[in-house]
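One structure is given here, and the rest of the page talks about it.
In the UniProt record's numbering, the protein residues as written are 1 to 156.
Pasting the structure below:
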């Protein structure tokens with residue numbers, strides 16, 4: 001014979017201390033899973049942001065060097081007049097570096113635009129808070145939290 005809680009007749013009821021210990025353990029585990037999910041989600045965005053930032057740095061470096069070459073080119077152009085010997089080569093190099101800087105800046109901007117907030121972590125955190133509030137007020141929980149983050153390969 002069983003009771004409504006599917007405990008055998010005569011099975012001891014759990015103490016409040018045991019229930020609090022279980023709740024604390026469950027909350028700790030839930031927070032750990034939320035942190036693992038946040039790390040997994042943010043890592044990709046941080047990598048994209050870092051790569052985009054690095055390409056912007058490359059673009060800035062090439063842009064600066066090109067600016068220096070353009071300054072030297074103008075100086076030689078004024079010195080030589082219209083003879084075209086040395087300054088033309090400096091101009092071609094500076095123009096090529098500006099093209100490289102533009103390409104790097106375009107790719108870097110595209111990568112930085114891909115950075116997004118950790119949407120899954122925000123969603124599951126809101127669901128967890130709603131479940132905790134529902135449990136604290138004794139109301140039924142409308143959604144169950146399914147699956148652990150590391151079970152799907154996230155967080156490793």
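The C-beta atom is built at its ideal place from N, Cα and C for all residues, glycine as well.
Best match in the options for proximity to residue i [C-alpha to C-alpha]
| i | options | result |
| --- | --- | --- |
| residue 131 | 27, 22, 16, 20 | 27 |
| residue 86 | 52, 72, 126, 121 | 72 |
| residue 63 | 112, 119, 102, 17 | 102 |
| residue 61 | 98, 121, 25 | 98 |
| residue 110 | 49, 90, 134 | 49 |
| residue 113 | 37, 47, 39, 80 | 47 |
| residue 92 | 81, 106, 137, 69 | 69 |
| residue 105 | 121, 51, 23 | 51 |
| residue 124 | 12, 41, 15, 24 | 41 |
Where the alpha helix (DSSP H) containing residue i begins and where it ends
| i | result |
| --- | --- |
| residue 133 | 119–137 |
### Task
Evaluate contact between the region 15–34 and the region 50–63, counting only Cβ atoms and requiring at least three cross-stretch pairs below 8 Å.
no
### Query
Touch check for the region 111–118 and the region 14–26: three-plus C-beta pairs under 8 Å?
no
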